[in-house]
Each structure stands twice: as structure tokens, then as C-alpha cells.
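Working notes, structure below.
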Amino acid sequence: MVDKTDLNDLTFLIPVRLDSVERIENILMVTDFLLSHFETRIHLLEADACNNRLLKRLLPQDVSIRFIEDYDPIFHRTRYINLLTEECSTPYLAVWDTDVIVPPQQIVQAVDRLRSGETQFVYPFKHDFLDTSSILRELYLKTGNLSILETNTGKMKRLYLPNPVGGAFLANRSAYMESGMENETFYGWGREDGDRFNRWKILGYSYERISGPLFHLTHDRGINSTFHATEQSSIKHSEILRIIGMSKKELMKEVQNWYP
């Protein structure tokens with residue numbers, strides 16, 4: 016039996032829409048992985064048109080699940096991350112995608128960096144955002160053996176080169192809220208991770224990366240895993256440029272007005 020590491024001062028925040036069987040399988044594997052290695056809190060927010068209570072039936076009682084009725088076919092992920100953040104009661108949080116696995120020692124190192132107070136944001140991986148492929152994903156789902164992923168990185172596709180900033184990050188909750196949390200102008204999939212990182216840099220927050228990979232459990236890409244409209248892609252690009260053009264003082268005033 017694995018000795019669990021105490022991460023009770025951290026909450027994993029996971030927004031989700033169950034848009035495929037693969038997504039369901041992935042969220043089950045991710046939550047099982049986290050609960051197998053850590054004494055921690057997992058808060059999951061599902062938003063969809065119908066509450067089938069599937070996650071309630073399948074996930075352990077240790078996972079806190081909130082459902083919000085939402086008839087919009089586009090999953091407004093940034094809004095739901097903000098709701099999860101506002102409800103979070105621990106000093107540290109991890110915003111976590113439904114499909115990512117990070118070796119446990121990297122997560123522990125990331126939390127230690129936050130606890131030390133020497134940094135406010137941490138990516139629990141460095142350059143390797145690795146898409147597992149369907150074959151390796153199936154092997155991992157069957158065995159739950161992380162070494163299958165760790166010993167086959169050469170067979171995986173590297174995504175979002177050269178410096179990926181999505182998938183997962185850990186933060187001091189107070190600093191994250193002061194930085195504006197998520198920019199809700201980013202509606203649907205894409206570019207919000209870059210905007211968040213740009214704001215941290217402009218506002219002068221400290222951030223670090225932990226050496227090692229992040230494994231993305233591959234899945235079909237539907238409307239909420241790709242740019243859903245050309246117009247939205249243009250809006251997001253314009254918002255990125257607007258934020259980058261701000262001074263620290265201007266951006267501080269901007270984010271203070273986002274959320275009353």
C-alpha cells in the first residue's frame with residue numbers, strides 16, 4: 016500500500032463536462048491517482064444540461080461534486096474555475112484538467128515550494144506536456160501503473176512547445192485571486208492559459224517549474240477541446256494583445272474590476 020502524502024492544505028479544482036466515454040474514464044483515473052497518493056481535497060464542478068448523477072455514482076465519496084445546470088453547448092471553463100476558487104477554503108489550490116497525470120513526487124515538490132513562501136505559482140512539470148497516445152492510455156487504464164507512462168515518453172507526442180502553460184498549475188490562493196483568477200473573456204477552449212501566465216509576469220508574481228513530465232490522457236477533441244468558432248479565436252487573440260499592452264498599474268486596476 017502506498018503511503019499517502021499529507022496535502023490537506025491544498026485543494027484540487029477540476030471543472031468538467033462529460034462529453035465522451037473517454038472523458039469519463041479519464042476523470043475516474045485522475046481522481047483515483049490523486050487519492051491513491053495524497054491525503055487531500057478534490058472539488059469537482061460539472062456543468063451540463065442534465066444531471067445524470069453519473070459522477071456521484073462512480074467517484075469516491077471523498078470527491079466533492081457540485082453540479083450546475085448549463086444549457087450552453089460551449090463549456091465556459093474559466094467561469095467555473097473562478098467559482099471553484101471562490102469556494103476553496105485551503106491556502107493552496109491546484110487547477111487541474113480532467114485528463115492529466117503528473118508523477119507524485121513532482122506534485123509534492125510543487126506544494127513544498129508554495130509552503131516555503133518563495134513562490135506563488137508553480138507548474139508541476141517543465142517542458143514535456145506529453146500526449147499518451149490511445150495505446151499507452153489503454154495500457155495505463157488497465158493497470159494504473161505509472162511506470163508504463165514514465166518508461167514510454169519517447170513514444171508520446173509533445174504538445175504546446177516550447178513552454179506549455181496549461182494542463183495543471185498550483186497556486187497560493189490569495190495571490191491567484193489578486194491576479195484576477197481566470198479571465199472570463201476566454202469563452203470555450205483555447206488561449207486562456209497564456210493569458211493567465213502573461214498576467215502573472217506583468218503583475219510581478221513569482222512562478223516556478225518542477226522538472227519532469229505531465230501526461231495527457233488522450234481523448235477525442237469535440238467542440239470543447241478545440242476552437243469552436245473563428246470569431247472566438249480572433250476575440251481571444253485580441254484579448255491576449257490587450258492584456259500584454261498594459262502596465263502593471265493598469266492591469267492591477269483592470270483585474271480589481273473583474274469580480275466584485
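Heads up: the sequence shown runs through residues 16 to 275, numbered per my numbering. All residues carry an ideal CB built from backbone N, CA and C; glycine is no exception.
Check whether residue i and residue j have beta carbons under 8 Å apart
i	j	result
F144	R188	no
F53	T100	no
L73	L33	no
E37	D208	no
D24	T105	yes
L218	L266	yes
P177	H142	yes
I39	A62	no
Exposed unless 16 or more other CB atoms sit within 10 angstroms - verdict on residue i
i	result
D114	buried
Y338	This structure does not reach residue 338, given that the chain is present from 16 up to 275, and the question cannot be answered.
K264	exposed
C65	exposed
K251	buried
P75	exposed
P30	buried
W111	buried
T26	buried
Y107	buried
P179	buried
I42	buried
L49	buried
I258	buried
Residues near residue i by beta carbon distance below 6 Å, same chain, minus five either side
i	result
Q121	P139, I225, G227
E254	T200
E197	T93, I96, N97
Proximity winner among the options, relative to residue i (alpha-carbon distances)
i	options	result
E269	S253, R206, E193	E193
V117	R72, T46, N67	T46
L28	C103, G195, S149, D87	C103
H91	Y107, D18, R206	R206
W273	F48, G195, G219, T245	G195
K216	L50, L185, F136, G159	F136
A109	L185, N23, L218	L185
T134	S221, E153, P119, D63	S221
E153	L22, Q271, M44	M44
L22	T166, D63, S51, A62	S51
G169	L151, M261, T158, D85	L151
E223	N67, M261, G132	G132
8 Å Cβ shell around residue i - same chain, five flanking residues per side excluded
i	result
T147	Y155, L164, M171, F230, H231, L232, T233
A183	A109, V110, W111, D112, V115, V117, Y138, P139, F140, L229
Cβ shell of residue i (< 7 Å), same chain only, five flanking positions each side left out
i	result
Y175	F144, G181
L319	In the structure as shown, the chain begins at 16 and stops at 275. Residue 319 is therefore absent and cannot be evaluated.
E246	none
N167	L151
Y86	A64
Interface flag, residue i vs chain C, CB-CB below 8 Å
i	result
N66	Going by chain labels, chain C is absent from the structure shown, which holds only one protein chain.
Would you say the region 77 to 84 touches the region 52 to 63, given that touching needs at least three Cβ pairs under 8 Å? With contact defined as three or more Cβ pairs closer than 8 Å, the region 77 to 84 and the region 52 to 63 are in contact.
Across the region 117 to 131 and the region 207 to 219, are there enough close Cβ pairs to call them in contact, namely three or more that are closer than 8 Å? In this structure the region 117 to 131 does not lie against the region 207 to 219, because fewer than three pairs of beta carbons, one per stretch, are closer than 8 Å.
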